[in-house]
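>
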Amino acid sequence: MSRLVAFAAIQGGYKVVSQVEGELERALQTYDASTKIGFGNTAYYLPVIYSLTGMKCETLEDLKKPLAFARGLLPPHLKGANHLPYLGPLLDAGMAGIFAYEIKEAIRILNEPDFYTFTEDPDTEAGKIWVGPADDTILRKRGVEFVDGSAPGFAAIVGAAPNAETAKMIIEDYQKKSLYIFCAANHYGKTAVEQCVEAGMQVGWNTRIVPFGPDISSAVFALGFANRAAMAFGGVQPGDFRKMLMYNKERVFAFVNALGDVGTEWAVAAAGCVNWGFPTLADTDIPEILPTGICTYEHVVANVPHDEICQKSVEVRGLKINITEIDIPCAFGPAFEGERVRGADLFGQMGGGKTQCTELVKLADMKDIEDGKVEVVGPDIGDMKEGDTLPLGIYVQIAGREFQADFEPIMERQIHHLVNYIQGIMHIGQRDISWVRISKAAIDKGFTLKDIGVVLHAKFHQDFQKIVDKVQVTLFTNQKDVDEMTTRARAEYKMRDERVDTMTDEDVETFYSCSLCQSFAPSHVCTVSPERTGLCGAYNWMDCKASYEINPTGPNQPIKKGKVLDPVLGRFEGVDEFIKIASKGAVDTYNFYSMVQAPMTTCGCCECIAAMLPSCNGIMTVGRDYAGETPSGMKFTTLAGVMGGGASSPGFVGHSKFNITQKKFILGDGGILRMVWMPKILKDEIRDRLNARGEEMGVKNFADMIADETVGITEDEIMPWLQEKGHPALSMDPLIG
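This is the structure we're talking about:
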């Protein structure tokens, strides 16, 4: 290993720690020592420090201890006669620098609370595009993508490319590989993110180009994101530094691209990242660390050409990415799913209340369709002028020896994601309320409606090989054809809904597991039944059945219910046997229909979390979209942090929004009539279903009896209101008996 690398990193460590010591001293002279500090809407204090040392930093005074710890990590300066291996001192200096950078950012947020003010306006001025530390809502939403593989890792880019075109080339290459791009630091005042904006790219979490901040210190937010994912989804305990760092090396596939001159402050940050197993690749001539050791392969690689840096980074990190080119003129991949087509960018659109836009997937006989045939019946993009609208019907016929009618709605739901994966195309909604917006940039590249069919044909074959043999796509744009297809589609939707809504757990002998989240929550095993959808909201019983048909060795395995041990609480012998094996002995049993007695395990991907409210003899639930306080005394982020690592926590349970109005929802504890509080945004979303389910249980207008934050956020505040409304929970048997 080059002595120069260690020298630069150690010098950088001393420099950064000294700078931050001065900043902390000035802050203590300006503010009271008890002044609160932290990163907004996170449950992890300063996450890198907390996760690795267990030290909670909540006030300015609390920052003294970790900063002193960082000072203690700094190794002796290198001397000319020192021929010892340098890796250990380099790693210590790097970690000291990372701790100091996190403290520096906490002080920045205290001094400049509006510094990280992000707006999605692509023309926003520099200094207003920085997102700062990800809040817990973002962490949990994006964490799912790292679990299911749609985001195989992230590239942390520091500095700036020589010009905007080069920055765009590099970052789009990562987007095509479905990676997130976490950006920080500037090179002589230029940043890669500002170059993206200059090149007309949209930045933000939605496009996976995340502008953490303009200084090298903001790179610590990427490491904090990785460590918080380990705590939230993987159950890694704060202070278990070895497990935390190994978890990241083995499960969070990240690396650093240093674009520009690497000085001592960048060097210490790069050395810090090596502790996580994250290598650095630079476009300049810097000393290299090529032997393997902490990282999977090389630690620092220099002089990487810009047109090779993406592929070289993936190779050095050991990332496995399965990319198959799809023959359309636009880039394609999950990184473009969150892209927005705004008014100034819009060429034309279909649906969205302007016209009718409907989607339908149907089972076809093998001899009746031609695989790969994509036909546009009616006007295409070439017949439109800027600002025009068209009706659209997307009709997909699928034939397969193992394809079933039950799989139609599952394939239909894929249309939303797959169309959104096309760069420059925006898709909202599903079924007969879809909305497709096409950008001018896509038109300039040669996009046509036929490309939608090309994508659906290719991806249905790629992603559903076991059940798909032929795919034919027809896109209708004549009003008469679209109206006829819509009438047929609505009849199909109604029949499907009635069939699924009437299914009960007693109707089937087989449930399905879902272990997608086990990579982050090793002891969590979700069991999905007809009356208990997956707690993430993304999987119901039909989805799991289809997934198993597609991939018999995948995350959705059949579970024979076996003997019913408790029909009220929902305990089954076959489920107990399965989860004990699948959780590697961490969980012996759980109940489907109870949150009080041995509830199902919960991972950080849950849509909602329910909690007991003993004084009200009822329960509350809160969804991740609500960031406020709740009568449980905990926000969603805190609840998820406490129980989201795969624990079975009596009195709490994770669940989906849809599950709230399913008939078996906490039936062992009294059912939905126990619900006394939920956020207004959630209550309004499911109001009709709440009232329908309430009426089935003998209570009319039940939604109006459920308190929300406009009534109060403590049990004492909502109790008088519940009494006034005559809420049924108040007259039920004690919840805890």
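With this note's numbering as the guide, the letters of the sequence shown map in order to residues 2 to 738. For glycine and all other residues, C-beta sits at the position ideal for the given N, C-alpha and C.
In the stretch 116 to 203, which residue ranges form an unbroken beta strand (DSSP E) of at least 3 residues, counting only runs that do not cross its ends?
For the stretch 116 to 203, whole beta strand (DSSP E) runs of length 3 or above, ordered along the chain, are 155 to 160, 181 to 185.
> Are the CB atoms of V342 and G454 nearer to each other than 8 Å?
No. Outside cutoff.
> Roughly how many angstroms separate the alpha carbons of D286 and C545, rounded to a whole number?
In a straight line, the C-alpha of D286 is about 51 Å away from that of C545.
> Which partner residues does F512 have in the DSSP bridge list?
Bridge partners of F512: I560.
> Starting from the C-beta of S584, find all residues in its chain whose C-beta is less than 6 Å away, skip the five residues before and the five after it, and write them out in chain order.
Excluding sequence neighbours, S584 sits near S524, V526.
> On a CA-only basis, which of Q196, R688, E289, K726 is nearest A268? Give me that one, please.
The residue with the shortest Cα to Cα distance from A268 is E289.
> Looking at F279: is its Cβ nearer than 8 Å to the Cβ of F256?
Cβ distance < 8 Å, so F279 and F256 count as in contact.
> Regarding Q196 and the ligand ATP, is the C-beta to nearest heavy atom distance less than 7 Å?
This structure does not include the ligand ATP; it has no bound ligands of any sort.
> Does P134 pass the burial test, meaning 16 or more other C-beta atoms within 10 Å, or should it be called exposed?
With 16 or more other Cβ atoms within 10 Å, it is buried.
> What did DSSP end up calling W542 once you bin it into helix, strand or coil?
Correct three-state label for W542: helix.
> Report the residue ranges of all beta strand (DSSP E) runs contained in full by the stretch 613 to 665; include only those spanning at least 3 residues, in chain order.
Correct list: 619 to 624, 646 to 648, 653 to 656.
> Please state whether DSSP places S440 in a helix, a strand or coil.
Here S440 sits in strand by DSSP.
> Can you tell me whether Q350 is buried or exposed, with buried defined as 16 or more other CB within 10 angstroms of its CB?
The residue is buried, with at least 16 neighbouring Cβ atoms inside 10 Å.
> Got a sec? Which residues, its chain only, sit under 8 Å from W542 by beta carbon, not counting five neighbours each side?
Excluding sequence neighbours, W542 sits near M504, V509, F512, Y513, V529, S530, P531, T534.
> Taking buried to mean at least 16 other C-beta atoms within 10 Å of its own C-beta, is H188 buried or exposed?
H188 comes out buried.
> Tell me the DSSP secondary structure of R533 in three-state form.
DSSP places R533 in strand when its eight states are reduced to three.
> How many Å lie between V132 and D115 at the Cα?
Taking the straight line from one Cα to the other gives about 11 Å.
> Anyone know if the C-beta pair for C537 and C607 falls short of 8 Å?
Cβ distance < 8 Å, so C537 and C607 count as in contact.
> The alpha helix (DSSP H) with W267 in it runs from where to where?
265 to 275 is the span of the alpha helix (DSSP H), which, as asked, contains W267.
> Grab me the residues of K363's own chain with a C-beta within less than 7 Å of its C-beta, minus the 5 sequence neighbours each way, in chain order.
Closer than 7 Å at the Cβ level, and outside the excluded window around K363, lie Q398, E409.
> Where do the N-terminal and C-terminal ends of the alpha helix (DSSP H) with A69 fall, by residue?
Residues 65 to 74.
> If we ignore side chains and look at the alpha-carbon of each, how far apart do I673 and I737 end up?
When rounded, the distance between both Cα atoms is 16 Å.
> Can you tell me which of L457, E493, M427, P380 puts its alpha carbon nearest to the alpha carbon of D433?
The residue with the shortest Cα to Cα distance from D433 is E493.
> Taking the alpha-carbon positions, what's the A730 to M613 distance?
Straight-line Cα distance between these residues: approximately 12 Å.
> Is L347 helix, strand or coil when you go by DSSP?
Strand at L347.
> Could you check if E24 is buried or exposed, using at least 16 other CB atoms within 10 Å of its CB as the buried criterion?
Buried.
> Hey, would you say I707 sits closer than 8 Å to Y627, going by beta carbons?
Their beta carbons are not under 8 Å apart, which means I707 does not touch Y627 by this criterion.
> In the structure shown, what three-state DSSP assignment does R489 receive?
R489 falls in the helix class under three-state DSSP.
> Can you say whether V26 is buried or exposed, counting buried as having 16 or more other CB atoms within 10 angstroms of its CB?
Checking the sequence shown, residue 26 turns out to be Glu, not Val. Result: exposed.
> Could you tell me if H458 is buried or exposed, where buried requires 16 or more neighbouring beta carbons within 10 angstroms of its beta carbon?
Answer is buried; the Cβ neighbour count reaches 16.
> Let me check understanding here. Comparing Cα to Cα, which of I416, A406, A442, V237 lies closest to R500?
The shortest C-alpha separation from R500 is found at A406.
> To the nearest angstrom, how far is it from the Cα of K177 to the Cα of P153?
Their backbone Cα atoms lie some 12 Å apart in a straight line.
> Bridge partners of W678, per DSSP?
Note: W678 sits in a beta bridge opposite M621, A708.
> Looking at the unbroken beta strand (DSSP E) that takes in A256, where does it start and where does it end?
Note on identity: in this sequence residue 256 is Phe, with Ala being the wrong assignment. Start and end: 255 to 260.
> Contact defined as beta carbons within less than 8 Å: I believe T602 pairs with Y591. What is the distance between those atoms, to the nearest angstrom?
The pair is a contact, with the Cβ atoms about 6 Å apart (cut-off 8 Å).
> Are the Cβ atoms of G339 and W206 separated by less than 8 Å?
Result yes, Cβ atoms of G339 and W206 sit closer than 8 Å.
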